[in-house]
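First residue of the sequence shown? That's 14 in this note's numbering, and the numbers climb one at a time after it. Below is one structure, written out as structure tokens; the observations come after it.
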Amino acid sequence: MIKAIVEIRLKRGVLDAQGKAIEEVLKQSALAGPDEVRVGKLVELTFAQDDNVEAQVEALCEQLIVNHEMEDYSYTIKGRGDE
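Now the structure itself:
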């Protein structure tokens with residue numbers, strides 16, 4: 014089985030409301046936190062066969078999964094002897 018892990022993040026300049034909320038909680042807590050928090054999504058796609066997996070992932074991301082106005086994405090392919 015082949016697995017594609019797609020990481021989706023808001024583009025720089027797009028307000029990340031979830032990230033800002035986490036930042037505020039961290040500032041109010043006694044824990045030292047990071048200067049900035051950005052929240053993203055992780056999508057796992059599983060394929061039974063290794064037939065043009067990269068092309069399939071690209072097509073799915075370009076046409077369905079990613080909102081290109083607001084989001085960027087990257088992906089990795091696992092299951093080709095690298096697990």
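Using N, Cα and C, we set each Cβ at its ideal position, and we do this for glycine too. Note that the structure is predicted; figures quoted are calculated from it, not measured.
- Query: In or out: residue 99 buried (at least 16 other Cβ within 10 Å) or exposed?
  - Reply: The shown model of the chain, from 14 to 96, leaves out residue 99, and the question about it has no answer.
- Going by DSSP, which residues form a beta bridge with residue 55? 20
- Query: Can you tell me where the alpha helix (DSSP H) with residue 67 in it begins and where it stops?
  - Reply: 66–73
- Query: Who pairs with residue 87 in a beta bridge, going by DSSP?
  - Reply: 20
- Rounded to whole angstroms, what's the CA-CA distance from residue 58 to residue 19? Just pull it up for me. 8 Å
- By a C-beta neighbour count over all protein chains shown, 10 Å radius and 16 as the cutoff for buried, is residue 23 buried or exposed? buried
- Message: Just to confirm the assignment, what range does the alpha helix (DSSP H) spanning residue 36 have?
- Response: 30–41
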